[in-house]
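Q:
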Amino acid sequence: MRNIGIAIIDDESLVRLGIKSSVAWEEYGYEIVGEADNGQTGLEMIREKHPDIVLLDVCMPVMNGIEVLKSLQKLKIQCKVIILSCHDDFCFVKEAMKNGAFDYLRKNEINSANILTVLEEVRHSLCKKQDEDRKSTRLNSSHDDISYAVFCLKK
611 MRNIGIAIID DESLVRLGIK SSVAWEEYGY EIVGEADNGQ TGLEMIREKH
661 PDIVLLDVCM PVMNGIEVLK SLQKLKIQCK VIILSCHDDF CFVKEAMKNG
711 AFDYLRKNEI NSANILTVLE EVRHSLCKKQ DEDRKSTRLN SSHDDISYAV
761 FCLKK
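Following this note's numbering, the numbering of the sequence shown begins with 611 at its first residue and continues without gaps.
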């Protein structure tokens with residue numbers, strides 16, 4: 611199985627560096643596929659690199675995290691987003707979750723254990739979705755086979 615791709619979008623370079631250096635990514639089956647310092651550049655990078663997971667700051671110049679989330683939904687881009695913020699404001703969390711965020715981490719609480727815990731929850735969710743998609747594909751294929759067989763019998 612391939613590594614799960616992660617993008618980091620945060621206007622603070624030290625936060626991006628800290629996240630990148632806090633985990634031995636490949637040992638856990640992850641890979642940093644890109645990073646950006648504002649929401650607009652980040653959205654372009656997501657469209658180009660197709661990460662499975664995005665670590666996304668809420669407050670950034672040019673385009674904030676909530677706007678990025680809304681754009682991802684509008685463009686029907688499938689990725690799991692974990693919001694990063696210095697804010698402890700429930701309104702941010704509520705708005706992010708309403709717009710498709712998977713989870714929310716406060717920047718001052720980020721460490722390798724917290725990141726890995728959330729990423730494992732995302733991995734479980736991604737695996738569950740893949741299993742459901744495979745089952746759905748098999749069911750659709752079986753339905754098509756049965757429909758064809760019935761059609762042939764009617765002739």
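Quick reminder that beta carbons are idealized off the backbone N, C-alpha and C, glycines included.
None of the values given here were measured: they were computed from a predicted structure.
Would you list the residues sitting across from VAL691 in a DSSP beta bridge?
A: VAL664, per the DSSP bridge assignment.
Q: Taking only the alpha-carbon atoms, compute the straight-line gap between GLU636 and ALA706 and give it to the nearest angstrom.
A: Going from the Cα of GLU636 to the Cα of ALA706 covers about 28 Å.
Q: Does DSSP put GLY644 in a helix, in a strand, or in coil?
A: In the structure shown, GLY644 sits in a strand (DSSP, three-state: E or B).
Q: From the DSSP output, in three-state form, read off ILE720 for me.
A: ILE720 falls in the coil class under three-state DSSP.
Q: What whole-angstrom Cβ distance do LEU682 and ILE618 have, given they're in contact under 8 Å?
A: LEU682 to ILE618, Cβ: 15 Å. No contact.
Q: Check the DSSP bridge columns for GLY615 and list the partner residues they point to.
A: Answer is GLU641.
Q: Taking DSSP's pairing of strands, which residues face LEU679 in a bridge?
A: The partner list for LEU679 (beta bridge, DSSP) is empty, contrary to what the question assumes.
Q: Going by DSSP in three states, LEU715 sits in which element: helix, strand or coil?
A: The answer is strand: DSSP assigns LEU715 an E or B state.
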